[in-house]
Structures are given as C-alpha cells and as structure tokens.
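Okay, structure first, notes after.
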Amino acid sequence: MAETLPPPRLLPSGDSAVTVEFSRTIDDAANERVLALDKALATASIEGISETIPTYRSLLVHYDPGRIGFDALGEKLLAIAGQPLPPTTKARRWRIPVAYGGEHGIDLEDVAKALNTTPDDIVARHVGGDYRVAMIGFTPGWSYLSGLDKSLHMSRRQSPRLFTPAGTISIGGIQAGIQCLAAPSGWHLLGRTPVRTYQLHRNPTFLTEPGDRVTFFAIDHKTFEELDRAAEAGEIIAERADA
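For the sequence shown, counting from 1, position 91 maps to 91 in UniProt numbering; every step adds exactly one.
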C-alpha cells in the first residue's frame, strides 16, 4: 500500500526548514514513509540538517541555510524518500492500564449514548484495538494513535474543555490518544492511565516513540491509585509486550 503513494511534496517552511509531505490525509502508509525518512536521515550525515520532526503525514526538516541551500537539500530529501521502504523491524509493544469511566472518564457514558450502546461496550471496543503511535505532539509525551475502531469514530466536542487531567485516555475524530500532561482538549475522555509517557527526570524521559504499538487493558480505580503512586516515583508501569 505504501508503494502506491504519489511522490512527496517539498514545502518551504520559513527560511530554515522544509516540510516533506507524503499525503494530505491521515494515512498509515504515509506515516510509515515519514518514519522511514526520519530514520534514514538520522544516519545519512547530510550537512546542515539540525533537527527532524515527524508527524502523521509529513516530516519537518530544520537546516542551516548557510551550510546547505533549499534546492540542494530538497534533492537529497527526495532521493532518500524515493527509495523502497526498508524491511519492517519489530516494533516495541506497550500494554497500558486504564481506569475507565467515573471521575477518570467523564465522557464515557455520553459517548455510549451517542453511539447507541453501553459504557461496557465502549470499553470493550477500545480495549480491543491495536494502536500505532503515529506521532508525538501538542504537549510533551502526547501520543497520537492510529487504529481506532471505526465504530468509535466521532466528531470532537463542540465545546473544548480548558482543562483535562494528566493521563487522560481519549478519542476524537478517527484518532485515539494518550495525554501525558494536564492540558485543554476537545476530545472525549474515556478514562485515565497512571502511565507517564513523559517524565522529565526519568530515564527514559519519553516512554513512547512513533512506530510503537499500544494496547490498553482495564483496571479498577483502586489499582489506578496504587500504580499512580509508583509511576510518580519514577517507575515505568507500562508493560512491554514484546520483551
């Protein structure tokens, strides 16, 4: 599927960055291309590149125009992006505990009503998904996930909240997400996880990376409190399913 994508577009992004756009829509095949180019550039030793930022469908490349020009860089980027995808490597797989509903998932019942089903069914559908970390963004550790069951696709809230708590597990549009830090959100809050996908003084600081796989499992609220204390102390409580 990824091989049928059209050639990427180069979009100037200010005077010292270029966006390599693989698609105009959210697409797993395009995201695979984004991550492959990001990985290739990490070892390509192209003079002047200072940073790369992968997103759902594009890779933002920061560079020093005093060391390499836009046209020269663009040629190199398109040449690398046009190469066949490398063999698929085994992705890291995380099992993430979630306390659904109640104070931790204040939109669960409303989502169930909107989709003409029960809260338990919504949880079962969400837990049954196999998700892929497509990108990290918005706030540190915010993991945008593809792979949400089509039966859970729904528009975002008409009135975004100015505050949603750290650890929120939510859905919005065709996406699912793990929100690490407290932040505004227009997504639907199904539950909370005690897992910190970002913790400044922990090694590693960031838990999830683009390309990782994620599944969820339900825990009760008492277990949430116990795991939350352990996570606050720096313990990684997410389970590695590929280890």
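Cβ coordinates follow ideal geometry from the N, Cα and C atoms, glycine included.
For residue i, is the classification buried or exposed, using 16 other Cβ atoms within 10 angstroms of its Cβ as the cut-off for buried?
| i | result |
| --- | --- |
| Met1 | Low per-residue confidence applies at Met1: pLDDT is 41, beneath 50, and the placement is therefore not dependable, though the value from the model is reported in the following sentence. It is exposed - the Cβ of Met1 has fewer than 16 other Cβ atoms within 10 Å. |
| Pro8 | buried |
| Asn31 | buried |
| Thr153 | Sequence inspection shows His at residue 153; the Thr mentioned does not correspond to that position. By the 10 Å Cβ count, His153 comes out exposed. |
| Asp228 | buried |
| Gly191 | buried |
| Thr25 | exposed |
Measure the Cβ-Cβ separation of residue i and residue j and say whether it is below 9 Å.
| i | j | result |
| --- | --- | --- |
| Asp28 | Leu59 | no |
| Phe215 | Ile96 | The amino acid at residue 215 is misidentified as Phe; the sequence shows Thr. Yes, the pair counts as a contact, with Cβ atoms nearer than the cut-off. |
| Arg202 | Trp94 | no |
| Ala134 | Ser146 | yes |
| Leu207 | Pro184 | no |
| Arg92 | Asp242 | yes |
| Ala230 | Pro204 | no |
| Ile136 | Glu209 | yes |
| His62 | Ile68 | no |
| Ala44 | Pro86 | no |
| Ile49 | Leu73 | yes |
Apart from the five residues just before and just after residue i, which ones in its own chain have a Cβ nearer than 6 Å to its Cβ?
| i | result |
| --- | --- |
| Leu181 | Thr139, Ala166 |
| Gly186 | Arg156, Arg157, Pro160 |
Report, in whole angstroms, the separation of the C-beta atoms of residue i and residue j, which I expect to be a contact under 8 Å.
| i | j | result |
| --- | --- | --- |
| residue 252 | Tyr100 | Residue 252 is absent from the model: the chain starts at 1 and stops at 243. |
| Gly129 | Thr197 | Not quite, the Cβ-Cβ distance comes to about 17 Å (not below 8 Å), so this is no contact. |
| residue 323 | Leu148 | Since the first residue shown for the chain is 1 and the last is 243, residue 323 is missing from the structure and cannot be characterised. |
| residue 261 | Ser13 | A question about residue 261 goes unanswered here, because the residues of the chain that appear run from 1 up to 243. |
Can you give me the Cβ contacts of residue i inside the same chain, cut-off strictly under 7 Å, excluding the 5 residues immediately before and after it?
| i | result |
| --- | --- |
| Leu189 | Gly105, Ile106, Asp107, Thr164, Thr168, Ser170 |
| Val20 | Pro8, Leu10, Leu37, Ser58, Leu59, Val61, Leu77, Ala81 |
| Lys90 | Asp242 |
Kindly list the residues whose CB is nearer than 8 Å to the CB of residue i, restricted to its own chain and excluding five residues on each side of it in sequence; keep chain order.
| i | result |
| --- | --- |
| Gln83 | Ala40 |
Please specify which runs of the alpha helix (DSSP H), each continuous and at least 4 residues long, are wholly inside the segment 149–177, giving them in chain order. The segment 149–177 is shown to contain no whole alpha helix (DSSP H) run of 4 or more residues.
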